[in-house]
Amino acid sequence: MPVAVLASVIVPVIYKFFLKLLGPEHGIIGDFLLEAGVSFFMGAIFILSGTYTAPSNRIKTARLLFVLLLIVLVFLFIFNLNLNEYSAAFYVIPTALGAYAATKYDYS
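So the mapping is simple: our numbering equals the position in the sequence shown, first residue as 1, plus 20.
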């Protein structure tokens with residue numbers, strides 16, 4: 021679990037690096053796609069890194085991490101809606117999709 025959390029913290033750092041490479045102006049669509057892509061990969065990397073550090077039962081570990089992540093994402097979604105941060109609430113969806121895609125990965 022600590023490796024999974026560490027991996028999901030590293031993804032935003034890489035995101036900021038790509039923002040600097042792209043320059044200050046890349047439009048609304050560019051912002052949206054970049055944020056959605058980072059959210060997707062953050063969910064996927066959380067599951068994949070946690071699963072690959074598990075010594076056995078990788079599929080069960082992936083499912084457990086997915087359920088834990090979904091619980092956190094539901095609370096994050098509700099929290100962002102209460103703050104009227106609708107765009108931040110929307111990016112919960114690509115994170116969940118990335119995590120789901122990672123649970124379908126062949127771990128054998």
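All residues carry an ideal CB built from backbone N, CA and C; glycine is no exception.
Beta-carbon spacing of residue i, residue j below 8 Å
{"i": "LEU68", "j": "TYR120", "result": "no"}
{"i": "ALA116", "j": "GLY63", "result": "yes"}
{"i": "PHE52", "j": "VAL31", "result": "no"}
{"i": "ALA108", "j": "ASN102", "result": "no"}
{"i": "PHE38", "j": "LEU54", "result": "yes"}
{"i": "ARG83", "j": "THR123", "result": "yes"}
Residue i - containing alpha helix (DSSP H), residue span
{"i": "TYR106", "result": "106 to 110"}
Collapsed DSSP secondary structure at residue i in the structure displayed
{"i": "PRO18", "result": "The shown model of the chain, from 21 to 128, leaves out residue 18, and the question about it has no answer."}
{"i": "TYR120", "result": "helix"}
{"i": "LEU103", "result": "coil"}
{"i": "ASP161", "result": "With the chain covering only 21 through 128, there is no way to say anything about residue 161."}
Supposed close pair residue i, residue j - CB separation, criterion 8 Å
{"i": "PHE97", "j": "LEU85", "result": "The Cβ separation is near 18 Å, so there is no contact."}
> Three or more C-beta pairs closer than 8 Å, one from the segment 72 to 79 and one from the segment 110 to 118: is that the case here?
Replying inline: No, they do not touch.
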